[in-house]
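Okay, structure first, notes after.
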Amino acid sequence: MDRETGEIKVFSQLKVVEEVEFPQQEIELYEARVYDSSCQLGDLVEKEVAQQEFGRIAAQTAKQVIIQRIREAERELIYKEFLERVEDITTGTVRRFEHRNVIVDLGKVEGILPQEEQLPRERYRMNERIKAFIMEVKKSSKGPQVILSRSHPGFLKRLFELEVPEIYDGIVEIKAAAREPGYRAKLAVHSNHKDVDPVGACVGPRGNRVQAISNELRGERIDVIRWSEEPEQYLANALSPAKVVSVELDEKSALVIVPDNQLSLAIGKEGQNARLAAKITGFKIDICSETQIAQKRLFSLGLANDDDEASPPEEPDAMPGEPALEIEDKADENLPEIEADEAEEVPEDSLEEK
Numbered sequence: 030m031d032r033e034t035g036e037i038k039v040f041s042q043l044k045v046v047e048e049v050e051f052p053q054q055e056i057e058l059y060e061a062r063v064y065d066s067s068c069q070l071g072d073l074v075e076k077e078v079a080q081q082e083f084g085r086i087a088a089q090t091a092k093q094v095i096i097q098r099i100r101e102a103e104r105e106l107i108y109k110e111f112l113e114r115v116e117d118i119t120t121g122t123v124r125r126f127e128h129r130n131v132i133v134d135l136g137k138v139e140g141i142l143p144q145e146e147q148l149p150r151e152r153y154r155m156n157e158r159i160k161a162f163i164m165e166v167k168k169s170s171k172g173p174q175v176i177l178s179r180s181h182p183g184f185l186k187r188l189f190e191l192e193v194p195e196i197y198d199g200i201v202e203i204k205a206a207a208r209e210p211g212y213r214a215k216l217a218v219h220s221n222h223k224d225v226d227p228v229g230a231c232v233g234p235r236g237n238r239v240q241a242i243s244n245e246l247r248g249e250r251i252d253v254i255r256w257s258e259e260p261e262q263y264l265a266n267a268l269s270p271a272k273v274v275s276v277e278l279d280e281k282s283a284l285v286i287v288p289d290n291q292l293s294l295a296i297g298k299e300g301q302n303a304r305l306a307a308k309i310t311g312f313k314i315d316i317c318s319e320t321q322i323a324q325k326r327l328f329s330l331g332l333a334n335d336d337d338e339a340s341p342p343e344e345p346d347a348m349p350g351e352p353a354l355e356i357e358d359k360a361d362e363n364l365p366e367i368e369a370d371e372a373e374e375v376p377e378d379s380l381e382e383k
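Every letter in the sequence shown is one number past the one before it in the numbering used here, and letter 141, counting from 1, is 170.
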């Protein structure tokens, strides 16, 4: 099509063959060289087709096909763009709610924040701008479908990359992360520079950096721990803020011994601290206090007996709150005196009646 004059020419692409079987698709070599003298067998040759006057229906059909192809190309470009941004953070605007899912406007496409990927107790408002983690991109008939998340551990990592320059520059490295969304999280960090403290860099001056991330996560408590190549030290750091006496490893399980006053702190509220430590280290953790370990060792050596501690107390002679009955040698004044020989023959029932 000549854009200046509006003149249209139509060409047909034909494959050069020795013998034509499909005239609409093929052309012989001698005839093809009329249009292109340098063509060879297997090449494609363009042959001008005599055109007709296009009617209204034909023009409308051509227009619809062109628009559809353009839309498909746009969708493919958007899909590739967001596919490259998987496991990255994006910012969008809350547009509407569908079956407890939040629809977020990301500009070129709408993202879906499913209910299971939302933070507990978090409420969203219309036109509110939120940050989310691109978890997955799918193809659909209506275009690319972007699945978002605010509860994924990767969301916590990306927030620290945005907030902490040392992580973005590669000086501090995030080794692992574990979350119970909306409640508590643990982040294991390691420094690639001996003069940089990884925990201090993530916490920031007066805790400003970690506090900003906690506010973004609606008050989620974040523990930043130091990563270590030694599993024992790594496990001890993972149970912070509790202090650990010793760690005993057995393949993928670990026995952690803590002081008596640190047992509840090591386990955490409803076991949160212990669960997160197990997630971030990959070990099955059993936490015991020093007293419990000492008792177990005594029992194993036979120096203590469970029956001694578990034996029930002796029954009292009287019920609580009632005075004990005093038994005197002399008989009751109201009862007749019975000789010793006669007492053996008197049945017990008669004595109870008297």
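C-beta: ideal position from N, C-alpha, C; glycine also.
Given the structure is predicted, the values throughout are model-derived calculations rather than measurements.
Check your understanding: K272 by DSSP, collapsed to three states: which one?
Key -> Translated into the one-based positions of the sequence shown, residue 272 becomes position 243. The three-state secondary structure of K272, taken from DSSP, is coil.
Exercise for review: Consult DSSP for L106 and reduce its assignment to one of helix, strand or coil.
Suggested key: Here residue 106 corresponds to residue number 77 of the sequence shown, with the count starting at 1. The answer is helix: DSSP assigns L106 an H, G or I state.
Point to revise | Minimum C-alpha distance to S169 - residue among R152, E139 and A205 | key: The residue labelled residue 169 in the question sits at position 140 within the sequence shown. Of the listed residues, the one whose Cα sits closest to S169 is E139.
Review point. Helix, strand or coil for F126 per DSSP?
Key: Position 97 of the sequence shown, counted from the first residue, corresponds to residue 126. In the structure shown, F126 sits in a strand (DSSP, three-state: E or B).
Exercise for review: For E259, name the three-state secondary structure that DSSP assigns.
Suggested key: Along the sequence shown, read from residue 1 onward, the residue named residue 259 stands at position 230. E259: coil per DSSP, three-state reduction.
Practice item. Throw me the rounded Cβ distance for the F189 and I242 pair, which I believe falls under 8 Å. Key: Within the sequence shown, numbered from 1, the residue matching residue 189 stands at position 160. Within the sequence shown, numbered from 1, the residue matching residue 242 stands at position 213. Going by Cβ atoms, the distance from F189 to I242 rounds to 7 Å, so yes, they are a contact pair.
Check your understanding: Considering P173, what are the terminal residues of the alpha helix (DSSP H) in which it resides?
Key -> Residue 173 sits at position 144 when you count from the first residue of the sequence shown. Segment G172 to S178 is the beta strand (DSSP E) holding P173; no alpha helix (DSSP H) there.
Review point. Exposed or buried, G300, counting other C-beta atoms within 10 Å across all chains shown (16 or more means buried)?
Key: Numbered from 1 along the sequence shown, position 271 holds the residue referred to as residue 300. Its Cβ having fewer than 16 others within 10 Å, G300 is exposed.
Practice item. Could you pull the start and end residues of the alpha helix (DSSP H) that S293 belongs to? Key: Counting from 1 along the sequence shown, the entry for residue 293 is found at position 264. Run containing S293: L292 to I296, per the alpha helix (DSSP H) assignment.
**Study point:** Under the three-state DSSP convention, the category Q42 falls into
**Key:** In the sequence shown, the residue the question calls residue 42 occupies position 13. Q42: strand per DSSP, three-state reduction.
Review point. Closest by CA to K281, which one among E33, E261, I163 and S275?
Key: As a position in the sequence shown, residue 281 is number 252, starting the count at 1. Nearest C-alpha to K281: E261.
Check your understanding: Between L177 and A214, is the Cβ-Cβ spacing less than 9 Å?
Key -> As a position in the sequence shown, residue 177 is number 148, starting the count at 1. As a position in the sequence shown, residue 214 is number 185, starting the count at 1. Taking 9 Å as the Cβ cut-off, L177 and A214 do not qualify as a contacting pair.
Exercise for review: Just mark T310 as buried or exposed, buried being the case when its beta carbon has 16 or more other beta carbons within 10 Å.
Suggested key: To locate residue 310, count along the sequence shown from 1; it is residue 281. T310 should be labelled buried.
Review point. Is the distance from the Cβ of S257 to the Cβ of V287 below 9 Å?
Key: For the purposes of this step, residue 257 is taken as residue 228 along the sequence shown, with counting starting at 1. For the purposes of this step, residue 287 is taken as residue 258 along the sequence shown, with counting starting at 1. The answer is no: Cβ separation not under 9 Å.
Review point. If you compare alpha carbons, which of I322, L305 and Q321 is closest to E254?
Key: Residue numbering aside, residue 254 sits at position 225 when the sequence shown is read from its first letter. A quick correction: the sequence has Ile, not Glu, at residue 254. Checked all of I322, L305 and Q321; the closest Cα to I254 is L305.
Exercise for review: Kindly list the residues whose CB is nearer than 6 Å to the CB of P341, restricted to its own chain and excluding five residues on each side of it in sequence; keep chain order.
Suggested key: Looking up residue 341 in the sequence shown gives position 312. Per-residue confidence for P341 stands at a pLDDT of 42, beneath the threshold of 50, marking its modelled position as unreliable; the derived number appears in the next sentence. Excluding residues within five positions, none has a Cβ falling inside 6 Å.
Check your understanding: Who does L148 pair with in a DSSP beta bridge?
Key -> The count along the sequence shown starts at 1 and reaches residue 148 at position 119. BP columns for L148 are empty, so no partner.
Exercise for review: Rank S269, V276 and K325 by C-alpha distance to the C-alpha of A303 and give the top, closest one.
Suggested key: Position 274 of the sequence shown, counted from the first residue, corresponds to residue 303. Distance check between A303 and each of S269, V276 and K325 places S269 closest, using alpha-carbon atoms only.
Point to revise | heavy atom of the ligand PLP below 8 Å from K298 C-beta | key: Looking for the ligand PLP in the displayed structure turns up nothing, as the structure carries no ligands at all.
Practice item. Would you identify the three-state DSSP class for F51, choosing helix, strand or coil? Key: Against the sequence shown, residue 51 aligns to sequence position 22. Correct three-state label for F51: coil.
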